[in-house]
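Data first, discussion second: the structure below is written as structure tokens.
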Amino acid sequence: MTTPSGTVRQLIREHHAQLTQSERKFAQALLDDYPGAGLSSITQAAANAGVSTPTVARMVQKLGFKGYPAFHAALLGELQAKVSGPEARRAVWAAEAPDSHLLNRFAEAVTQNLRQTFAHVDTAQFDAAAARLASPEGRLYVVGGRITRSLAEYAFTHFQAIRARVTHLTSSSATWPHYVLDMTEGDTLLIFDIRRYEENLLRLAEIAQARSMQVILITDQWSSPIASVAAHTFNCWVEIPSAWDSNIATLSLVEALVAAAQEHRWPEARDRFERLDALFELTRLFRKP
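So the sequence shown is numbered by UniProt numbering: it starts at 1 and just counts up by one.
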């Protein structure tokens, strides 16, 4: 039996319909305390969830693991991947790198990231998030972290052209209370958070959710802790042969959401584009052909 691909969280979602009621009870206990609930012995994990040891053994096999040790090792691997810094990431790639040129390995990794990312997007969730991002009824706030702030700025620029009342939070969390002051029920927070996850972003998301806002999270394949308060979570595969993670799949997902939001707002978005172009003409920003 080969080791299943994807995180344990994703495998639970994919196989949820095949699980019995008691197996789903353990699966939910694991999701509620992920991945901690699965890092103890099988006996302790079963007892903590209030199910039998055979129930846990059957569930992990349904997920594609040979047994609980392989399941346990997969969770440990995810935990290690979440906290690894650039040096550790490069060490993994350097140890496993084939003899082919870096460009070929890079292209292969990026292609795989795109394939995995879009294969794991739930279309109903995507449509709901796009409609929410397009809706002018509430204000849209966009924020990113140390690395993802460029993605947040990119998303902000496009959504601001599509709809009104879009705010880009600065990269300094010291200024966030000024934005939070105006956040109300019905608003939306689009937030980017990839490993190593940022505590200030989690706190901001918790405050937004407490104010009855909808949080839309774009994260990596291991999932930011913000997923626990997000209405919609999108996982993007990010590993490449580098000390750094890739934003290519993440950017592609953002562009897909922008395109979907634009369609939701058409022809209002078209009118907004035309008025924006007229303003650009006044500023003479762009060179005429």
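By construction, the Cβ of each residue, glycine as well, lies at the ideal position given by its N, Cα and C atoms.
For clarity, every value in this text was computed on a predicted model and none was experimentally measured.
For residue j and residue i, believed in contact at Cβ under 8 angstroms, the rounded distance
i	j	result
residue 249	residue 237	5 angstroms
residue 102	residue 216	34 angstroms between Cβ atoms; not a contact.
residue 29	residue 49	4 angstroms
residue 272	residue 161	7 angstroms
residue 8	residue 26	About 12 angstroms separates the two Cβ atoms, so there is no contact after all.
residue 205	residue 230	7 angstroms
residue 166	residue 142	7 angstroms
residue 159	residue 258	7 angstroms
Alpha carbon of residue i to alpha carbon of residue j, nearest angstrom
i	j	result
residue 76	residue 278	55 angstroms
residue 59	residue 33	17 angstroms
residue 214	residue 177	18 angstroms
residue 295	residue 287	A question about residue 295 goes unanswered here, because the residues of the chain that appear run from 1 up to 289.
residue 140	residue 218	15 angstroms
residue 47	residue 155	45 angstroms
residue 189	residue 181	14 angstroms
residue 253	residue 269	20 angstroms
residue 119	residue 78	20 angstroms
residue 37	residue 266	46 angstroms
residue 45	residue 239	30 angstroms
residue 281	residue 113	40 angstroms
Pick from the options that is closest to residue i, judged by C-alpha positions
i	options	result
residue 246	207, 163, 129, 108	108
residue 15	148, 197, 65, 205	65
residue 40	74, 155, 224	74
residue 243	204, 121, 150, 81	81
residue 200	212, 25, 209, 172	172
residue 126	239, 263, 232, 117	232
residue 151	204, 35, 192	192
residue 19	35, 55, 165	55
residue 147	220, 275, 45	220
residue 183	281, 194, 285, 207	207
residue 185	170, 209, 164, 168	209
residue 164	256, 135, 197	135
residue 115	31, 260, 6	6
residue 104	255, 149, 235, 241	241
residue 124	234, 281, 12, 275	234
residue 225	283, 31, 4, 17	31
Cross-strand partners of residue i (DSSP beta bridge)
i	result
residue 215	189
residue 234	218
Heavy atom of the ligand SAH within 7 angstroms of residue i beta-carbon
i	result
residue 71	This structure lacks the ligand SAH; in fact it carries no ligand of any kind.
Residue-level contact to chain D via CB, residue i, 8 angstroms cutoff
i	result
residue 280	As a matter of chain content, chain D is missing from the structure shown, which is built from one protein chain.
Residue ranges of each beta strand (DSSP E) run of no fewer than 3 residues wholly in the region 130-177, ordered along the chain?
140-143, 166-168
Report the residue ranges of all alpha helix (DSSP H) runs contained in full by the region 244-278; include only those spanning at least 4 residues, in chain order.
248-265
What residue ranges within the UniProt domain "HTH rpiR-type" (6-82) form continuous alpha helix (DSSP H) runs of no fewer than 4 residues, ordered along the chain?
8-15, 21-32, 42-49, 53-62
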